[in-house]
Amino acid sequence: AQKVTQAQTEISVVEKEDVTLDCVYETRDTTYYLFWYKQPPSGELVFLIRRNSFDEQNEISGRYSWNFQKSTSSFNFTITASQVVDSAVYFCAIRGGADGLTFGKGTHLIIQP
Amino acid sequence: GAVVSQHPSWVICKSGTSVKIECRSLDFQATTMFWYRQFPKQSLMLMATSNEGSKATYEQGVEKDKFLINHASLTLSTLTVTSAHPEDSSFYICSPKRGDRVGGYTFGSGTRLTVV
Chain A
1 AQKVTQAQTE ISVVEKEDVT LDCVYETRDT TYYLFWYKQP PSGELVFLIR
51 RNSFDEQNEI SGRYSWNFQK STSSFNFTIT ASQVVDSAVY FCAIRGGADG
101 LTFGKGTHLI IQP
Chain B
114 GAVVSQHPSW VICKSGTSVK IECRSLDFQA TTMFWYRQFP KQSLMLMATS
164 NEGSKATYEQ GVEKDKFLIN HASLTLSTLT VTSAHPEDSS FYICSPKRGD
214 RVGGYTFGSG TRLTVV
């Protein structure tokens with residue numbers, strides 16, 4: 001069984017601040033994939049990133065960056081210079097084998113102007 | 114690529130009626146379809162997995178007779194909520210898997226079901 005823990009239920013910051021969303025996972029699979037999705041109020045899931053278990057290289061995409069550390073089973077997500085449009089619920093998820101995704105409970109991010 | 118169409122986007126139905134949700138992969142063939150359910154302010158939970166031409170596999174606690182899944186073609190899968198009750202009110206999202214690709218999955222835009 002796999003498990004994803006997003007300990008931060010809600011985070012509120014002022015615009016332009018940096019914010020990090022934590023994600024800790026559990027799996028017995030040696031090969032697995034980690035994901036981050038954004039879910040705005042409309043409900044649609046917006047894919048942000050996929051990382052496989054063999055690639056621990058950190059990634060940066062614009063204001064977004066991800067820190068994958070197998071030693072601590074963490075896949076944290078940082079938004080630099082946050083904007084109001086970043087307000088949403090963010091889900092971390094894991095997939096191993098041929099199964100569907102196992103999602104964390106999500107972090108509700110509120111960016112205040 | 115990877116365009117997914119899910120309909121309807123929202124539906125309100127009376128208790129006891131059935132509702133059908135359609136999920137289409139418009140520009141690829143989906144050998145596997147995942148259906149998720151999301152209750153308000155909660156996470157997404159996998160309900161079932163279906164492979165084209167086969168019976169769906171349901172997660173523990175999901176009633177297969179209530180949630181009928183049909184995956185008759187590589188581009189269309191349907192989820193029918195039978196004899197719906199208020200506790201079935203939820204956000205349902207489909208996720209087709211492209212062929213033998215591993216990793217990233219695309220998602221439909223979701224269907225918000227309200228049973229009154």
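Chains as they are written, first to last, in the numbering used here: chain A, 1 to 113; chain B, 114 to 229.
Every residue, glycine too, gets a C-beta built ideally from N, C-alpha and C.
- Three or more Cβ pairs closer than 8 Å define a contact, and the segment 18-30 of chain A meets that threshold against the segment 74-83 of chain A.
- With its beta carbon at least 9 Å from every one in chain A, G174 of chain B lies outside the interface.
- Distance between A88 of chain A and P40 of chain A, taken at the CA atoms: about 5 Å.
- Within chain B, not a single residue places a beta-carbon under 7 Å from that of K70 of chain A; the smallest gap is close to 17 Å.
- Taking 9 Å as the threshold, the shortest C-beta distance from Y37 of chain A to chain B falls below it.
- Contacts with chain B (Cβ-Cβ distance below 9 Å) from the segment 85-109 of chain A involve V89, F91, A93, R95, A98, D99, G100, L101, T102, F103, G104, K105, G106, H108, listed in chain order.
- The alpha-carbon of V117 of chain B is positioned some 32 Å away from that of K70 of chain A.
- Interface with chain A (9 Å Cβ-Cβ cutoff): S202 of chain B is excluded.
- E26 of chain A and C92 of chain A have their C-alpha atoms spaced approximately 12 Å apart.
- In the three-state reduction of the DSSP assignment, P41 of chain A falls in the coil class.
- Beta-carbon to beta-carbon, C136 of chain B and G221 of chain B are separated by about 5 Å, close enough to satisfy the 8 Å threshold.
- Straight-line measurement puts the Cα of G174 of chain B at about 11 Å from the Cα of M158 of chain B.
- Annotated three-state conformation of K133 of chain B is strand, per DSSP.
- G62 of chain A: not part of any beta strand (DSSP E); DSSP gives it neither H nor E.
- S128 of chain B is classed as exposed because its beta carbon has fewer than 16 other beta carbons within 10 Å across all chains shown.
- By the C-beta density criterion, V194 of chain B is buried, having at least 16 other C-beta atoms within 10 angstroms.
- Residue-level contact by beta carbon fails for L189 of chain B and chain A, as no gap is shorter than 9 Å.
- Between Y37 of chain A and V229 of chain B, the alpha-carbon positions lie close to 31 Å from each other.
- When the beta-carbon positions are compared, T191 of chain B and S138 of chain B stay at least 9 Å from each other.
- Residues L157, F204 of the same chain have their beta carbon placed closer than 6 Å to that of Q151 of chain B, with the five preceding and five following residues left out of the count.
- Here G166 of chain B is exposed, its C-beta having fewer than 16 other C-beta atoms within 10 Å.
- DSSP links V24 of chain A through a beta bridge to A:T5, A:S74.
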